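A.B. asks:
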Amino acid sequence: MISVILSGAVQAQTIAGSTVKADIANVLEQTYYNKLTGCETEVQVLNVPFKDLIVPDGKLTYKVVSPEGRYLPRDIKRINVYVDGTLVKTLNLPVQLKVYKEVLTAREPMVRDQAITAENTYVQRMNVADKLDYVLTNDSLSKDIKTKKPMRQGEVLDKRFLQIKPEVVRNTEVRVFFTSNDNLMITIDAVALEDGLLGDYINVENKNYKKVYKGKIIGENRVLVAI
1 MISVILSGAV QAQTIAGSTV KADIANVLEQ TYYNKLTGCE TEVQVLNVPF KDLIVPDGKL
61 TYKVVSPEGR YLPRDIKRIN VYVDGTLVKT LNLPVQLKVY KEVLTAREPM VRDQAITAEN
121 TYVQRMNVAD KLDYVLTNDS LSKDIKTKKP MRQGEVLDKR FLQIKPEVVR NTEVRVFFTS
181 NDNLMITIDA VALEDGLLGD YINVENKNYK KVYKGKIIGE NRVLVAI
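If you're matching positions, the sequence shown starts at 1 in my numbering and goes up one per residue.
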């Protein structure tokens, strides 16, 4: 609920804490976590340090600030509060994150060194906020994958417990694509300094100048570096 009160000649607005929590959760989902994870997210702001937020009258907006580029199932996020574009308050708020993705799951119990196939797995939409970097999608079934440990029926397949033939192998030659904001693209030959799967970030070294870059694997022996 928003109301306008007068304090001398200054107008102010009062926003209920529950409204602030819902609005900031929406901002975190739409402008931060959805883009950061590339998935559908659900955010809950666990609490705010006030019953009502009192700020000057005007258009109220929120912006997520540092630390950028990371996510945890539970975290503290710094939120700047603006009225008509002017910063009026900074909040440090505890948040709970859920990240939903269609991931491969064991259809039946599996033993060590068992091949992963379409017959012994199925796709399930799950909250994988605690393991997003390690889950597999249906596209992974085209790879040579084996288990490194027994698995339970219904267990989400986790890269850390699987043997997967990588798209890039350490010390092999790779083609590196450099892209910039003005759509300029340059390609060079380099050497992979790490093994990696599709979507992983690895270090590669320019063969001629020995300069190291970090890029994303986009295919077999293909790495993309943003500049």
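All C-beta atoms in this analysis are idealised placements derived from N, C-alpha and C, irrespective of residue type, glycine included. Remember, predicted model here, so these are calculated numbers, not experimental data.
#1: Under three-state DSSP, which class holds Lys-35?
#2: Could you check where the alpha helix (DSSP H) with Ile-188 kicks off and where it finishes?
#3: Taking Leu-141 as the reference, give the member of Lys-77, Ile-116, Val-169, Leu-132 with the closest Cα.
#4: Identify which residue in Phe-161, Asn-203, Asn-208, Val-20 has its Cα closest to the Cα of Asp-189.
#5: Does DSSP classify Ala-12 as helix, strand or coil?
#6: Just how far apart, CA to CA, sit Val-223 and Gln-44?
#7: Compare the Cα-Cα distances from Gln-163 to each of Tyr-32, Thr-31, Lys-149, Gln-153 and report the closest residue.
#8: What is the DSSP secondary structure of Tyr-209, counted as helix, strand or coil?
#9: Kindly list the residues whose CB is nearer than 7 Å to the CB of Ala-226, restricted to its own chain and excluding five residues on each side of it in sequence; keep chain order.
#10: Using only the alpha-carbon positions, how far apart do Thr-86 and Glu-167 sit?
#11: Short check: CB of Val-64 to CB of Tyr-100, under 8 Å?
#12: Considering just the uninterrupted stretch of the beta strand (DSSP E) at Val-99, what are its terminal residues?
#13: Quick one, are the C-beta atoms of Lys-21 and Val-48 less than 8 Å apart?
#14: Going straight from the alpha carbon of Phe-177 to that of Arg-170, what length do you get?
#15: Taking only three categories from DSSP, how would you classify Ile-218?
#16: What are the boundary residues of the beta strand (DSSP E) that includes Asp-144?
#17: Give me, in chain order, the residues of the same chain whose beta-carbon lies closer than 7 Å to that of Arg-112; leave out the 5 immediate sequence neighbours on both sides.
#18: Run the CB neighbour count on Lys-77, radius 10 Å, all protein chains shown included, and call it buried at 16 or more, exposed below.
#19: Within the 8 Å Cβ cut-off, does Val-123 reach chain C?
#20: Just to confirm my understanding: we take Lys-165, look at its own chain, exclude 5 residues before and 5 after, and list those with CB closer than 7 Å. What are they?
#21: From Ile-202 to Leu-36, what does the alpha carbon distance come to, in whole angstroms?
C.D. replies: Let's see:
#1: Of the three classes helix, strand and coil, the one that applies to Lys-35 here is helix, per DSSP.
#2: According to the DSSP assignment, Ile-188 belongs to no alpha helix (DSSP H) but to the beta strand (DSSP E) extending over 185-192.
#3: The candidate whose alpha carbon is nearest that of Leu-141 is Ile-116.
#4: Looking only at Phe-161, Asn-203, Asn-208, Val-20, the smallest Cα-Cα distance to Asp-189 is reached by Asn-208.
#5: In the three-state scheme derived from DSSP, where H, G and I count as helix and E and B as strand, Ala-12 is classed as strand.
#6: The straight-line gap from Cα to Cα measures roughly 36 Å.
#7: For Gln-163, the closest of Tyr-32, Thr-31, Lys-149, Gln-153 by C-alpha to C-alpha distance is Lys-149.
#8: DSSP places Tyr-209 in the coil class of the three-state scheme, outside both helix and strand.
#9: Answer for Ala-226: Thr-179, listed in chain order.
#10: Their backbone Cα atoms lie some 48 Å apart in a straight line.
#11: Not closer than 8 Å, so no.
#12: 86-106 is the span of the beta strand (DSSP E), which, as asked, contains Val-99.
#13: Yes; because the gap between Cβ atoms is below 8 Å, this pair is in contact.
#14: Looking at the two C-alpha atoms, the distance is approximately 18 Å.
#15: Here Ile-218 sits in strand by DSSP.
#16: Here Asp-144 belongs to no beta strand (DSSP E), and DSSP marks it neither H nor E.
#17: So the list reads Thr-147, Lys-148, Lys-149, Pro-150, once near-sequence residues are dropped.
#18: Lys-77 is classed as buried because its beta carbon has at least 16 other beta carbons within 10 Å across all chains shown.
#19: The structure shown contains no chain C; it holds only a single protein chain.
#20: Apart from the 5 residues on each side of it in sequence, Lys-165 sits with its Cβ closer than 7 Å to the Cβ of Lys-143, Asp-144 in its chain, given in chain order.
#21: Rounded to the nearest angstrom, the two C-alpha atoms are 18 Å apart.
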